[in-house]
Amino acid sequence: MKKYVGKGVYGAVAIGKVSLYKKQEAVVKRIHITDVENEKARLAQAKALAVRQLEEIYDKALKEVGEANAAIFEIHQMMLDDDDYNDSIHNIIESQSVNAEYAVAVTADNFAEMFAAMEDAYMKARAADVRDISNRLIGNLSGQSANACASDEKTIICAGDLAPSETVSLDKKKVLAFVTAHGSSNSHTAILARNMNIPAIIGVGDEFLNEIKDGDEAIVDGFTGEIFVNPDAETLTAWREKQLADEEQKHLLLELKGKENVTLDGKKINVYANIGSAAQTGEVLLNDAGGIGLFRSEFLYLENSDYPTEEQQFIAYKKVLESMAGKKVIIRTLDIGADKQVDYFHLKKEENPALGYRAIRICLTRPEIFKTQLRALYRASVFGNLGIMFPMITSVPELERILSLCSKVRLELKSEGIAFSASVELGIMIETPAAAIISDKLAPMVDFFSVGTNDLTQYTLACDRQNPDIEEFVDTHHEAILRLIEMSAKNAHEHGAWIGICGELAADTTLTETFLRMGIDELSVSPSFVLKVRDAVRRTDLSK
Ligand code: PEP
Ligand code: MG
11 MKKYVGKGVY GAVAIGKVSL YKKQEAVVKR IHITDVENEK ARLAQAKALA
61 VRQLEEIYDK ALKEVGEANA AIFEIHQMML DDDDYNDSIH NIIESQSVNA
111 EYAVAVTADN FAEMFAAMED AYMKARAADV RDISNRLIGN LSGQSANACA
161 SDEKTIICAG DLAPSETVSL DKKKVLAFVT AHGSSNSHTA ILARNMNIPA
211 IIGVGDEFLN EIKDGDEAIV DGFTGEIFVN PDAETLTAWR EKQLADEEQK
261 HLLLELKGKE NVTLDGKKIN VYANIGSAAQ TGEVLLNDAG GIGLFRSEFL
311 YLENSDYPTE EQQFIAYKKV LESMAGKKVI IRTLDIGADK QVDYFHLKKE
361 ENPALGYRAI RICLTRPEIF KTQLRALYRA SVFGNLGIMF PMITSVPELE
411 RILSLCSKVR LELKSEGIAF SASVELGIMI ETPAAAIISD KLAPMVDFFS
461 VGTNDLTQYT LACDRQNPDI EEFVDTHHEA ILRLIEMSAK NAHEHGAWIG
511 ICGELAADTT LTETFLRMGI DELSVSPSFV LKVRDAVRRT DLSK
């Protein structure tokens with residue numbers, strides 16, 4: 011087995027045989043000619059044929075990749091008509107008395123070099139387009155047929171590079187994936203592969219091209235850009251599973267996209283996603299989540315070498331809120347300490363860090379850090395539908411201090427004339443047994459609860475979540491945990507609050523019905539589990 015890495019341009023997995031794409035590039039000879047007019051007439055004929063070919067390719071592309079992506083072949087037609095391009099070919103034929111093929115090849119080299127030298131990535135990638143149309147002209151002039159692949163079965167097409175027209179001209183029914191040694195992710199080949207929904211990797215390098223052979227077995231992972239050639243059994247099994255999971259996911263997405271998350275008897279449930287960085291909002295939207303149920307804001311602190319400023323935080327929160335375009339975004343305030351250590355906080359080494367100085371305990375004892383975050387959050391609130399959530403709550407006085415600080419921040423902003431939304435929901439995590447047990451006292455103070463089953467499990471079962479040696483004692487379905495969730499749900503509803511679950515257990519679909527029967531209103535899970543949970547919700551019937 012040998013592994014190569016390139017840049018994945020379409021996320022999917024393909025497993026199959028390799029077929030080397032054989033470019034039938036004409037060897038262009040410089041031939042002295044005497045009849046210049048005849049050479050120009052040959053060129054005109056080749057050009058007319060190229061235009062017809064491009065019209066056909068455009069029609070094929072229109073069907074397969076849509077108008078916006080097919081447009082490149084209209085541009086190719088325009089490039090063929092470009093005055094500078096044509097003047098250059100004619101000048102070379104006339105001034106050097108040479109054949110049209112040679113004049114086209116020299117012009118192609120000059121123009122491609124000019125594009126490749128440009129700063130702008132889009133313009134740089136146009137070098138491939140000029141070569142594409144020029145190869146077509148040369149092929150037509152020399153009467154050569156189209157390029158071909160050796161195989162008739164569905165294969166992984168491997169090539170040095172693929173021109174946009176070659177990519178579209180390939181018979182999609184025979185292509186499992188594309189892998190090219192060269193190319194850029196901005197190239198039209200990459201764009202077309204993406205839109206043809208074919209796993210594709212570009213820029214794998216010359217070593218790959220020199221070593222790969224027709225008929226080799228390969229795994230193409232368009233998510234990671236990895237290619238495994240002649241994979242061992244273990245790798246094959248792992249990637250078959252990945253392929254299956256991805257196909258199931260895509261199938262579910264097609265089925266569920268745009269549909270409401272209602273149980274069979276009509277109860278609406280919010281299925282949201284958990285994220286750990288602003289960059290993950292793409293994944294959230296891709297998986298069609300209804301909102302963000304837990305944004306672990308720690309990443310801002312973990313990624314920085316000093317306390318992130320109010321402005322830095324404001325920009326990050328605003329970005330997430332704007333990308334979610336009015337969908338709910340619940341941002342959890344700083345949950346540092348225990349397993350998440352940050353140097354510049356200078357936290358002391360503790361005997362039992364999970365039971366120690368972490369999360370809200372740091373925020374309440376170092377209010378300047380907390381206030382900076384709250385100001386940034388409230389300032390960002392005008393850019394979307396924000397909820398703020400506090401971790402590791404254990405008591406009423408703790409929550410009173412938090413709420414009083416929030417109101418202080420709102421007053422401060424108001425006096426400074428800084429806008430913030432009046433409808434920011436405030437909630438707490440139920441992740442300590444104490445919070446669940448006094449949830450009747452906490453519920454009237456907030457808009458929502460979100461159960462953090464990861465910590466609730468560790469604290470209820472007295473099982474350190476970081477310790478792999480005690481995994482057999484971690485019964486996530488333990489009755490004590492389920493009773494605490496049920497109790498919290500009942501108390502939330504009795505006091506007008508809503509309740510969600512954002513710990514890992516929310517994605518356990520064997521418990522979806524149990525949670526919904528308890529009255530859970532929202533389930534927030536990793537983006538990749540959203541569809542699975544939505545599917546489970548839509549299959550649940552609470553009327554029976
Ligand atoms: C939890 O404890 O369940 C939770 C969601 O928070 P974290 O995993 O970040 O501690
Ligand atoms: Mg937690």
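Quick note, our numbering runs 10 ahead of the 1-based positions in the sequence shown.
Beta carbons are placed, not taken as given, at the ideal position from N, Cα and C, and that holds for glycine.
Requested in this report: Enumerate, from N- to C-terminal direction, the unbroken alpha helix (DSSP H) stretches of 4 or more residues contained entirely within the region 164–211.
Outcome: Correct list: 174–179 and 198–205.
Query raised in the report: Does the separation of the CB atoms of Asp-298 and Leu-274 fall below 8 Å?
Result: A distance of 8 Å or more separates the beta carbons of Asp-298 and Leu-274.
Query raised in the report: Taking the runs of the beta strand (DSSP E) that are 3 residues or longer, which of them lie wholly in the region 387–415?
Result: Complete beta strand (DSSP E) runs here, min 3: 395–400.
Requested in this report: Under 8 Å Cβ to Cβ from Val-23, same chain only, skipping five residues before and after it: list those, please.
Outcome: Pro-209, Ile-229, Val-230, Asp-231, Gly-232, Phe-233, Trp-249, Lys-252, Gln-253 and Asp-256, listed in sequence order.
Report task. Give a yes or no on contact between the region 461–473 and the region 422–438, applying the rule of three or more CB pairs nearer than 8 Å. Result -> As far as the Cβ criterion goes, the region 461–473 does not touch the region 422–438, which means the pair count is below three.
Query raised in the report: Is any heavy atom in the ligand MG found nearer than 7 Å to the beta carbon of Asn-284?
Result: Not under cutoff, so the answer is no.
Query raised in the report: Would you call the CB atoms of Ile-143 and Ser-29 closer than 8 Å?
Result: Between Ile-143 and Ser-29, the C-beta gap is not smaller than 8 Å, which leaves the two residues out of contact.
Query raised in the report: Can you list, in chain order, the residues of its chain whose CB lies under 8 Å from that of Arg-371, leaving out five sequence neighbours each side?
Result: Excluding positions up to five away in sequence, the list reads Gly-347 and Met-402.
Query - Cys-159 (DSSP reduced to helix, strand or coil) - result: Bear in mind that the predicted position of Cys-159 carries a pLDDT of just 49, short of 50, making it too unreliable to give a figure here.
Query - Closest residue to Gly-513 among Ala-289, Phe-305 and Glu-321 (Cα-Cα distance) - result: Among Ala-289, Phe-305 and Glu-321, the Cα nearest to that of Gly-513 belongs to Phe-305.
Query raised in the report: When every heavy atom of the ligand MG is checked, does at least one fall within less than 7 Å of the C-beta of Asn-464?
Result: Distances from the CB of Asn-464 to the heavy atoms of the ligand MG include at least one below 7 Å.
**Report entry** Gly-215 classed as buried or exposed, judged by whether at least 16 other C-beta atoms fall within 10 angstroms
**Finding:** Burial call: exposed.
Query raised in the report: Could you give the C-beta distance for Lys-164 and Gly-18, rounded to a whole number, given that I count them as a contact under 8 Å?
Result: That pair is no contact at about 20 Å.
Requested in this report: May I have the straight-line CA-CA distance separating His-356 from Tyr-367, to the nearest angstrom?
Outcome: Each residue's CA atom was taken as its position, placing His-356 and Tyr-367 some 12 Å apart.
Query raised in the report: Just curious, the alpha helix (DSSP H) that Ala-348 is in, first and last residue?
Result: Premise fails: Ala-348 is in no alpha helix (DSSP H) and is neither H nor E.
Query raised in the report: Quick one, are the C-beta atoms of Ala-203 and Phe-218 less than 8 Å apart?
Result: Going by C-beta atoms, Ala-203 is not nearer than 8 Å to Phe-218.
Query - Pairwise C-alpha distance: Pro-174 and His-192 - result: Each residue's alpha carbon lies about 13 Å from the other.
Query raised in the report: In this structure, does DSSP put Met-497 in helix, strand or coil?
Result: Looking at Met-497 - three-state DSSP - the assignment turns out to be helix.
Report task. Just mark Lys-183 as buried or exposed, buried being the case when its beta carbon has 16 or more other beta carbons within 10 Å. Result -> By the 10 Å Cβ count, Lys-183 comes out exposed.
Query raised in the report: With respect to the beta strand (DSSP E) encompassing Ile-448, which residues constitute its N-terminal and C-terminal limits?
Result: Per DSSP, Ile-448 lies in no beta strand (DSSP E) and is assigned neither H nor E.
Query - Per-residue burial, Met-334 [other beta carbons within 10 Å of its own, 16 or more giving buried] - result: Its Cβ being crowded by 16 or more others within 10 Å, Met-334 is buried.
Query raised in the report: How far does the alpha helix (DSSP H) with Ile-103 in it reach, from first residue to last?
Result: Per DSSP, the continuous alpha helix (DSSP H) segment holding Ile-103 begins and ends at 93–106.
Query raised in the report: Shortest alpha-carbon distance to Ala-110 belongs to which of Lys-223, Ser-194 and Glu-49?
Result: Ranking Lys-223, Ser-194 and Glu-49 by Cα distance to Ala-110 puts Glu-49 first.
Query - the region 441–453 touching the region 514–534, judged by at least three CB pairs closer than 8 Å - result: No, because fewer than three Cβ pairs between the region 441–453 and the region 514–534 fall closer than 8 Å, the two stretches do not touch.
Query - Extent of the continuous alpha helix (DSSP H) run through Gly-556 - result: Look at the range of the chain in this structure, 11 to 554, and you will see that residue 556 is not part of it.
**Report entry** Inter-residue Cα distance where the pair is Asp-45 and Arg-146
**Finding:** The straight-line gap separating the alpha-carbon atoms of Asp-45 and Arg-146 is approximately 23 Å.
Query - Option in Val-116, Ala-81, Tyr-31 and Glu-65 with minimal Cα separation from Leu-180 - result: Comparing alpha carbon positions, the residue from Val-116, Ala-81, Tyr-31 and Glu-65 closest to Leu-180 is Tyr-31.
Query raised in the report: Is Glu-426 near the ligand PEP, going by C-beta to nearest heavy atom under 7 Å?
Result: Glu-426 Cβ: outside cutoff for every heavy atom of the ligand PEP.
Query raised in the report: Is it the case that the Cβ atoms of Ala-429 and Phe-324 are separated by a distance below 8 Å?
Result: At the C-beta level, Ala-429 and Phe-324 stay beyond 8 Å of one another.
Query raised in the report: Got a sec? Which residues, its chain only, sit under 6 Å from Tyr-14 by beta carbon, not counting five neighbours each side?
Result: Only Val-214, Phe-218 and Ile-237 meet the Cβ criterion.
Report task. Report the rounded CA-to-CA distance for Leu-172 versus Gly-149, giving the unit in angstroms. Result -> Near 16 Å, if we compare the C-alpha coordinates of Gly-149 and Leu-172.
Report task. Jot down the residue ranges of each uninterrupted alpha helix (DSSP H) in the region 314–389, minimum 4 residues, whole runs only, in chain order. Result -> The qualifying runs are 320–333 and 370–375.
Report task. Using only alpha-carbon positions, find the residue among His-505, Arg-136, Glu-47 and Gln-106 that is nearest to Ala-118. Result -> Of the residues His-505, Arg-136, Glu-47 and Gln-106, the one whose Cα lies closest to the Cα of Ala-118 is Arg-136.
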